[in-house]
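Have a look at the structure below, then the notes.
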Amino acid sequence: MKAKKFMCILLAFCLVAALCGCSDSLPSTPEEEKTGKQNSGELSFIEVTLGDMFNEEWLEEDTTCNVSWDKLKLSEESAAKYPNLKNTFDEINQTTDTEVKALMYELSSAAKQLRTESTDAVICEGDSQIFLQRADSAIVSWLEEEYVFSGGVHPDYFYKAINLNPESGEIVALNDVITDITLLPALLEERITSKYSYVTFGDLQEIFNSYSDKDYCWTLDYQGITFWFSPYEIAPYSVGLLSTKILFDENDELFAEKFKSALPDTYAVALPIGNALGQEIEFDLEDDGKSDVIYVGQTPDHTGSYYMFKAVVNGAEYLDEINYAYGFDAYLVHKDSKNYIYTVSYSDGAYNMFHALDISGDGIRQIAEMSGTQFDSDLVEDAPDTYVNYKPFFNNPESFKLSTAIELLGNRDALASYKTGDDGKPVMTDDFFNIETDYSQTTKIPLEVLILPDEKQEELSAGTELWGLRTDGKSYIDMKAADGREVRFEIDISGWPKKINGIPEEECFDNIMYAG
């Protein structure tokens with residue numbers, strides 16, 4: 200029998216389905232209706248961004264409750280192309296806001312009760328994290344890992360998954376993807392008992408035979424379908440969160456053509472690295488039709504205040520004991536026949552770090568480290584006086600943006616476009632970084648500069664106010680004056696302090712701010 204907690208998840212899932220409007224089959228395009236065939240044209244990526252939300256209540260001294268959750272949004276371009284999908288995202292966000300308020304009320308009540316039973320500090324909390332598995336013109340599929348602690352001997356962990364048709368914005372049913380779901384009970388039992396041979400299960404076929412297509416928690420990526428199982432659903436709590444994957448290549452006849460054709464050779468999927476301290480997932484690294492096992496997680500450092508990133512691929516381990524952080528994002532990058540893990544560690548200010556790991560051969564090898572770098576993000580006013588920081592889900596290695604803290608005339612956030620190179624390292628495709636940091640600086644002394652675009656040398660007078668425009672990150676910075684002129688300062692970074700025309704930069708400008 201499925202646990203009560205899992206039934207709550209299903210109810211939440213059905214609510215989303217009701218909002219979206221369920222259908223037994225995916226709508227056909229006019230061409231598909233004319234020919235009677237599914238369109239097998241090339242898939243195009245959809246740009247999905249994620250906003251980190253947080254709400255906290257201080258009830259009394261040493262008694263708090265808080266909830267953090269993710270909010271989804273389409274880029275402007277994708278929202279214009281898929282208006283129904285945008286509407287569904289809005290409805291899901293509204294529903295989530297309502298659920299968060301209800302959860303905060305429950306946590307507040309639980310925290311107050313716990314406070315009466317103990318003199319120790321009390322924290323009740325909830326957390327929901329979303330991991331995008333696929334977002335393209337065929338399907339948008341994501342996994343949501345939720346965590347709630349409201350007292351007791353342990354917190355609750357559980358999975359949800361949502362799969363949407365981009366054109367209609369409606370829920371994609373499992374029956375739309377799997378041609379015959381009656382084959383699933385035996386297939387899932389075989390995979391689960393093999394993968395988790397150390398676990399004693401009940402009669403899995405009987406459990407799955409009682410499922411309707413809506414009872415399964417599943418996501419779709421570019422290699423197959425993954426089924427996710429919460430604690431108590433098919434095994435005791437102590438076993439944790441479980442999953443198993445059925446590859447397209449293993450069971451080609453099991454899948455509808457729409458979802459397995461015209462797949463890209465290069466893509467990225469988000470790796471679950473939530474409050475359950477990471478999960479084992481399956482992925483065919485060698486394109487041999489067999490699943491490999493990948494684990495990513497975060498391990499407390501020696502102080503207990505930060506985490507270290509950990510990865511295990513087919514038993515080979517990697518632990519970053521240097522770049523500890525508050526948390527991580529991790530992506531599996533598949534480029535042609537090679538595979539990599541991209542991670543971003545989130546720390547204080549300019550100390551975020553980007554790493555690329557090569558997992559294509561034996562072991563795990565770091566191939567790139569970019570200091571002060573993360574995926575691009577935008578601060579968006581979602582409501583009056585309410586700003587949300589949205590970062591993109593990384594799903595297209597052929598085109599993505601990274602923001603880097605450039606240290607020229609102070610710390611500046613600078614943005615550039617990249618692609619994944621043949622060696623797995625990010626390759627900058629722009630000629631320069633565009634400076635995002637919006638603050639001005641004023642010259643203290645007259646300075647020789649290059650006037651753009653002709654690069655004619657002139658003297659810029661003292662007291663000229665300038666704003667950053669662009670830089671190569673190592674030898675120059677272009678700035679714009681109030682009168683519209685664009686000028687270039689060549690900077691010598693070979694020693695400290697950095698110099699302009701042989702003069703220490705702090706003697707040239709005011710308002711030079713470096714982190715740390």
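For the sequence shown, this note's numbering begins at 200 and goes up steadily by one.
Glycine residues also receive a C-beta, built at the ideal position from the N, C-alpha and C atoms.
| query | At what residues does the alpha helix (DSSP H) containing residue 705 begin and finish? | reply | Indexing the sequence shown from 1 puts residue 705 at position 506. Residue range 704 to 707 is occupied by the alpha helix (DSSP H) that includes residue 705.
| query | Touching or not, the segment 606 to 618 and the segment 632 to 644, by the rule of three or more beta carbon pairs under 8 Å? | reply | Cβ pair count under 8 Å is three or more, so yes.
| From what residue to what residue does the alpha helix (DSSP H) around residue 253 run? | Residue mapping note: residue 253 aligns to position 54 of the sequence shown, counting from 1. Note, residue 253: premise wrong, no alpha helix (DSSP H); beta strand (DSSP E) at 247 to 259.
| residue 509 by DSSP, collapsed to three states: which one? | Working through the sequence shown from its first residue, we reach residue 509 at position 310. Residue 509 falls in the strand class under three-state DSSP.
| query | With 16 other CB atoms within 10 Å as the buried threshold, where does residue 533 fall? | reply | One-based indexing of the sequence shown puts residue 533 at position 334. Buried, by the Cβ-count rule.
| query | How is the beta strand (DSSP E) around residue 603 delimited, first residue to last? | reply | In the sequence shown, residue 603 corresponds to position 404, counting from 1. For residue 603, the enclosing beta strand (DSSP E) covers residues 599 to 606.
| task | Label residue 712 either buried or exposed according to how many other C-beta atoms from any shown protein chain fall within 10 Å of its C-beta, with 16 as the threshold for buried. | result | Walking along the sequence shown from the start, residue 712 turns up at place 513. Burial is judged here by how many other beta carbons sit within 10 angstroms of a residue's own beta carbon; residue 712 has fewer than 16 and is exposed.
| Identity of the residue in 305, 269, 300, 382 nearest residue 289 by Cα | The residue labelled residue 289 in the question sits at position 90 within the sequence shown. Comparing Cα positions, the closest option is 269.
| message | Under DSSP, the beta strand (DSSP E) around residue 361 begins and ends at which residues? | response | Within the sequence shown, residue 361 is the residue found at index 162, counting from 1. Counting along the chain, the beta strand (DSSP E) containing residue 361 begins and ends at 355 to 363.
| said: Please state the DSSP three-state secondary structure of residue 438. | reply: Counted from its first residue, the sequence shown places residue 438 at position 239. Under the three-state reduction of DSSP, residue 438 is assigned to helix.
| query | Between residue 509 and residue 502, is the Cβ-Cβ spacing less than 8 Å? | reply | Counting from 1 along the sequence shown, the entry for residue 509 is found at position 310. Counting from 1 along the sequence shown, the entry for residue 502 is found at position 303. No. Outside cutoff.
| field | Reduced DSSP category for residue 573 - H, G, I as helix; E, B as strand; rest coil | value | Translated into the one-based positions of the sequence shown, residue 573 becomes position 374. Residue state, collapsed to three classes: strand.
| said: Let me confirm a value: residue 544 is counted as buried when at least 16 other C-beta atoms fall within 10 Å, else exposed. Which label applies? | reply: Translated into the one-based positions of the sequence shown, residue 544 becomes position 345. Buried, because 16 or more other Cβ atoms sit within 10 Å of the Cβ of residue 544.
| Are there 16 or more other CB atoms within 10 angstroms of the CB of residue 701, so buried, or fewer, so exposed? | Indexing the sequence shown from 1 puts residue 701 at position 502. It counts as exposed.
| message | Considering only their Cβ atoms, is the gap separating residue 359 from residue 369 smaller than 8 Å? | response | Against the sequence shown, residue 369 aligns to sequence position 170. Against the sequence shown, residue 359 aligns to sequence position 160. Cβ distance not < 8 Å, so residue 369 and residue 359 don't count as in contact.
| said: Three or more C-beta pairs under 8 Å: does that hold for the segment 237 to 257 against the segment 273 to 291? | reply: Contact between the segment 237 to 257 and the segment 273 to 291 is present, because at least three Cβ pairs lie under 8 Å.
| Given a threshold of 16 other Cβ atoms within 10 Å of its Cβ, counted over all protein chains shown, does residue 619 qualify as buried or as exposed? | Position 420 of the sequence shown holds residue 619. Here residue 619 is buried. Its C-beta has 16 or more other C-beta atoms within 10 Å.
| Assigned secondary structure, residue 534 (DSSP; H/G/I helix, E/B strand, else coil) | Indexing the sequence shown from 1 puts residue 534 at position 335. It is a strand residue.
| How would you call residue 312, buried or exposed, if buried means at least 16 neighbouring beta carbons within 10 angstroms? | Here residue 312 refers to the residue found at position 113 when the sequence shown is read from its first residue. Exposed, because fewer than 16 other Cβ atoms sit within 10 Å of the Cβ of residue 312.
| task | For my contact list, residue 521 and residue 538 are in at a C-beta cut-off of 8 Å; report their separation, rounded to the angstrom. | result | Along the sequence shown, read from residue 1 onward, the residue named residue 521 stands at position 322. Along the sequence shown, read from residue 1 onward, the residue named residue 538 stands at position 339. The pair is not a contact, with the Cβ atoms about 24 Å apart (cut-off 8 Å).
| query | The alpha helix (DSSP H) spanning residue 290 covers which residue range? | reply | The count along the sequence shown starts at 1 and reaches residue 290 at position 91. Counting along the chain, the alpha helix (DSSP H) containing residue 290 begins and ends at 282 to 316.
| task | Note down the Cα distance separating residue 610 from residue 489, rounded to an integer number of angstroms. | result | Numbered from its first residue, the sequence shown carries residue 610 at position 411. Numbered from its first residue, the sequence shown carries residue 489 at position 290. Using only the alpha carbons, I get a separation of about 47 Å.
| query | Relative to the C-alpha of residue 679, which residue among 699, 693, 642, 695 is closest? | reply | Taking the first residue of the sequence shown as 1, we reach residue 679 at position 480. The alpha carbon of residue 679 has as its nearest neighbour, out of 699, 693, 642, 695, the alpha carbon of 642.
| field | Minimum C-alpha distance to residue 708 - residue among 571, 677, 644 | value | Residue 708 sits at position 509 when you count from the first residue of the sequence shown. Restricting attention to 571, 677, 644, the CA atom closest to the CA of residue 708 is found in 644.
| query | Where are the alpha helix (DSSP H) runs, 4 residues long or more, that stay fully inside the segment 382 to 427, in chain order? | reply | Within the segment 382 to 427, the complete alpha helix (DSSP H) segments at least 4 residues long are 383 to 394, 403 to 408, listed from N- to C-terminus.
| message | So, at 7 Å on beta carbons, what are the nonlocal neighbours of residue 349 in its own chain, with the 5 sequence-adjacent residues on each side left out? | response | For the purposes of this step, residue 349 is identified with residue 150 of the sequence shown, where counting begins at 1. If we look at residue 349 and ignore the five residues flanking it on each side, its Cβ neighbours are 305, 306, 309, 323.
| query | Any contact of the segment 594 to 605 with the segment 569 to 579, i.e. 3+ C-beta pairs under 8 Å? | reply | The segment 594 to 605 vs the segment 569 to 579: in contact.
| query | Expressed to the nearest angstrom, what Euclidean distance is found between the alpha-carbon atoms of residue 375 and residue 494? | reply | Walking along the sequence shown from the start, residue 375 turns up at place 176. Walking along the sequence shown from the start, residue 494 turns up at place 295. Spanning the two alpha carbons is a distance of roughly 30 Å.
| message | Just to confirm my understanding: we take residue 421, look at its own chain, exclude 5 residues before and 5 after, and list those with CB closer than 6 Å. What are they? | response | If you number the sequence shown from 1, residue 421 lands on position 222. So the qualifying residues of the chain are 462, 466.
| message | My output table needs one value for residue 717: the three-state DSSP class, helix, strand or coil. | response | The structure shown has nothing for residue 717, since the chain only spans 200 to 715.
| Just the Cα atoms here: how many angstroms apart are residue 608 and residue 260? | Working through the sequence shown from its first residue, we reach residue 608 at position 409. Working through the sequence shown from its first residue, we reach residue 260 at position 61. Cα-Cα distance, rounded: 44 Å.
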